[in-house]
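I have placed the structure first, in the form of structure tokens, so that the comments after it can refer back to it.
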Amino acid sequence: MKNSAPARMDMLHGPLWNKIIVFALPLAFTGVLQQMFNAADVAVLGHLVSSDAMAAVGNNVPIIGLAVSLCMGLSLGANVVVARYIGMRRPDRTRRAVHTAFALALLFGVGITVLGEAGADLLLDCLDVPPSVRGPAEDYLRVFLLGLPFMAIYNFLGAVFRSKGDTRTPLAALLAATVFNLAGNLAAVLCFGMEAGGVALATVLANVLAAAILFVCQLRLRDELRLSPRRLLDINREDLATMIRIGLPAGVQGMVFSLSNLLIQAAINSLGPAAMAGSVAGFTIEINVYCFINAFGLAATTFVSQNYGAGNLARCRRATWIAMWLNMAGTCALVALVYVFSRQLLQCFSMDEAVIAIGVTRISFVVLAEPINVIMETVSDAMRGYGCSLPPAVATLVCICSVRVIWVFTVFAASPDYSTLMAVYPVSWIVTAVLLCVLYARLMRTVGRAIRK
1 MKNSAPARMD MLHGPLWNKI IVFALPLAFT GVLQQMFNAA DVAVLGHLVS SDAMAAVGNN
61 VPIIGLAVSL CMGLSLGANV VVARYIGMRR PDRTRRAVHT AFALALLFGV GITVLGEAGA
121 DLLLDCLDVP PSVRGPAEDY LRVFLLGLPF MAIYNFLGAV FRSKGDTRTP LAALLAATVF
181 NLAGNLAAVL CFGMEAGGVA LATVLANVLA AAILFVCQLR LRDELRLSPR RLLDINREDL
241 ATMIRIGLPA GVQGMVFSLS NLLIQAAINS LGPAAMAGSV AGFTIEINVY CFINAFGLAA
301 TTFVSQNYGA GNLARCRRAT WIAMWLNMAG TCALVALVYV FSRQLLQCFS MDEAVIAIGV
361 TRISFVVLAE PINVIMETVS DAMRGYGCSL PPAVATLVCI CSVRVIWVFT VFAASPDYST
421 LMAVYPVSWI VTAVLLCVLY ARLMRTVGRA IRK
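Position 60 of the sequence shown, counted from 1, bears residue number 60 in the working numbering, the numbering being contiguous throughout.
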């Protein structure tokens, strides 16, 4: 790796649309590569082991999603704080925030691993995992949890690079880790005769590699984002509090989706192994579409945060709307491609016709509704750029959870089939998007009055 990262992006001046694209696309591909860790696990187990082994990974998706969502949310808090200091042109505070972010990543990763290992049995019990997949599901989960400290370090350091517009360095690190993960999965199954636990171990080692690459890169930077080995555990209380105040609600917002998915996963489990396997295949495809939606949302967060730090509210608003329309255009094109080639994509995971049929149903209900998710994601991420993180998290918590819980226990209970269950996704997104737009409009009025004063 070179001694310095790519040149810093000037988010405070000049055209926005081209910079948002340059920022968001590497970030989107980074998200896709992160999802390929899970996709590789699913594909290798589905083709080389069994549908039960594939379903075992699928049962862990909501649990893993809880930890990953919280990690991503907290790292977003670090992104906002560092980006704001860059916009304020305060290198001393920027340097202080970078080291606080690293220390928070380490503490979070170790803590969540300990809690996860202690509660693994309880979590699997809550999902009512069938006996046929309980053993491999537990093996996969317990091994996967060991890699969370390294996943946290990668995400937090990636957020620091992102705060100055560099989304290419985290992408390069993850690309190397993805190649390693795929090779490790194949070696675990074909060479060592391992199953779910083996592919989880390959994923852990890949996370170690990604974190190590970013760590070394950041040690070798020549600006205020450089890590100092002597200050790795330095924590500034003010910056820590701000990161948690912004990042924790964002993490909770992501966790809401995972929590509601725990309930939905339990309902899927009641429909049999084919539904479990087909659902995880469909989810693996749809989450890659979400990576592009999330990338443009994070672009809104970073551009708004820097320009808000510089006191330019008009440019903050322009960045939000440009990110929204770029996000919508790209998502609609991607959704169309996925829908047209849905069967071919699902065949990458399984050739079982029953599994493919379930996957097509999930794509029809969830992927086709992703443009609604564009509105939700961009609006809530832009609000976080202003430092307003709790209201969108509460709105998502109330809307998503209430709609999905009511749906599962009423509509799905009356007609317990897979299509009925999947319809809850677009319904809950519409309700949430409407409320988030109302909150965003109110925030703009409040911020406008504050700046005029």
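We put the beta carbon where it would ideally sit given N, CA and C, even for glycine. Predicted, not measured: the structure shown is a model, and the values here were computed from it.
*Answer yes if the segment 136-147 comes into contact with the segment 114-121, meaning at least three C-beta pairs across the two stretches below 8 Å, and no otherwise.*
yes
*Start-to-end residues for the alpha helix (DSSP H) that takes in Leu145*: Pro131 to Leu145
_Mapping the DSSP letters down to three states, classify Lys2 as helix, strand or coil._
Below a pLDDT of 50, predicted positions are generally treated as unreliable, and Lys2, at 45, falls in that range; the measurement from the model is reported next regardless. Coil.
*Hey, could you find the ends of the alpha helix (DSSP H) Ala369 is sitting in?*
Run containing Ala369: none; DSSP gives neither H nor E here.
*So Ile358 and Ser260 are in contact, right, with Cβ under 8 Å, and what is the actual spacing, rounded?*
Rounded, the Cβ-Cβ distance is 20 Å, inconsistent with contact.
*asked:* Classify Val289: buried if its beta carbon has 16 or more other beta carbons within 10 angstroms, exposed otherwise.
replied: buried
*May I have the straight-line CA-CA distance separating Glu455 from Val68, to the nearest angstrom?*
Outside the displayed range of the chain (1 to 453) lies residue 455, so it cannot be described from this structure.
*Rounded to a whole number of angstroms, what is the C-alpha to C-alpha distance between Ala206 and Ala177?*
5 Å
*Counting only the same chain and skipping the five closest in sequence on each side, list residues whose C-beta sits under 6 Å from that of Ala196.*
Ala53, Ala56, Pro136, Asp139 and Tyr140
_Chain-order list of residues whose beta-carbon lies under 8 Å from that of Leu263 (same chain, five-residue window excluded)_ = Arg404, Val405 and Val408
*Element boundaries [alpha helix (DSSP H), containing Arg181]*: A small fix is needed here, since residue 181 is Asn in this sequence, not Arg. Arg168 to Leu186 is the span of the alpha helix (DSSP H), which, as asked, contains Asn181.
*Do you know offhand how far Val82's Cα is from Ala101's?*
9 Å
*For Leu227, I'd like the list of residues in its chain whose CB is within less than 6 Å of its CB, leaving aside the five on either flank, ordered along the chain.*
Gln218 and Leu219
*the segment 72-89 in contact with the segment 302-320 per 3-pair CB rule at 8 Å*: yes
*Ser428: which of Leu148, Gly254 and Val398 sits nearest, CA to CA?*
Val398
_Closer than 6 Å to a non-hydrogen atom of the ligand MG - does that hold for the CB of Ala56?_
This structure simply doesn't include the ligand MG, nor any ligand for that matter.
_7 Å is my cut-off, CB to CB: does Arg222 come that close to chain D?_
This model lacks chain D altogether; it includes just one protein chain.
*What does a CB cutoff of less than 6 Å around Gly77 pick up in its chain, not counting 5 residues either side in sequence?*
Met243, Ile246 and Gly247
*So, using beta-carbon positions, are Ala267 and Leu127 closer together than 7 Å?*
no
*Got a sec? Which residues, its chain only, sit under 6 Å from Gln34 by beta carbon, not counting five neighbours each side?*
none
_Three-way DSSP call (helix, strand, coil) for Lys19 in this model_ = helix
*Cut-off 6 Å between Cβ atoms - residues of its own chain near Pro426, not counting five sequence neighbours on either side*: Ala369
*Whole-angstrom distance between Pro170 and Pro249, CA atom to CA atom*: 24 Å
*Please go through the same chain and pick out, in chain order, the residues whose beta-carbon is closer than 6 Å to the beta-carbon of Met1, but skip the five residues on each side of it.*
The predicted model places Met1 with a pLDDT of 44, which falls under 50 and marks its position as unreliable, so this point remains unresolved.
*Which whole runs of the beta strand (DSSP E) in the segment 53-141 are 3 residues long or more, in chain order?*
none
*Locate the alpha helix (DSSP H) running through Ala212, then write down its first and last residues.*
Ala196 to Leu219
*Leaving out five residues before and five after Asn3 in sequence, what residues of the same chain have Cβ atoms less than 6 Å from its Cβ?*
Low confidence applies to Asn3: its pLDDT is 44, below 50, so where it sits in the model is not reliable, and the reading given next is rough at best. So the list reads Arg220, once near-sequence residues are dropped.
_Backbone CA spacing between Leu145 and His13 [nearest angstrom]_ = 43 Å
*Output yes or no for whether 7 Å exceeds the beta carbon distance between Thr167 and Phe23.*
yes
*From the DSSP output, in three-state form, read off Ser228 for me.*
coil
*What's the call for Val114, buried or exposed, on a 16-neighbour Cβ count within 10 Å?*
exposed
*Rounded straight-line distance, which links the Cα of Cys316 to that of Met151*: 31 Å
*Smallest Cα separation from Pro476: which of Asp352, Val98, Leu66 and Tyr386?*
The shown model of the chain, from 1 to 453, leaves out residue 476, and the question about it has no answer.
*Nearest neighbour of Arg222, chosen from Leu186, Phe161 and Phe412 [CA to CA]*: Phe161
*Exposure of Gln344, with buried meaning 16 or more beta-carbon neighbours within 10 Å*: exposed
*asked:* Looking at Phe37: is its Cβ nearer than 7 Å to the Cβ of Thr203?
replied: yes
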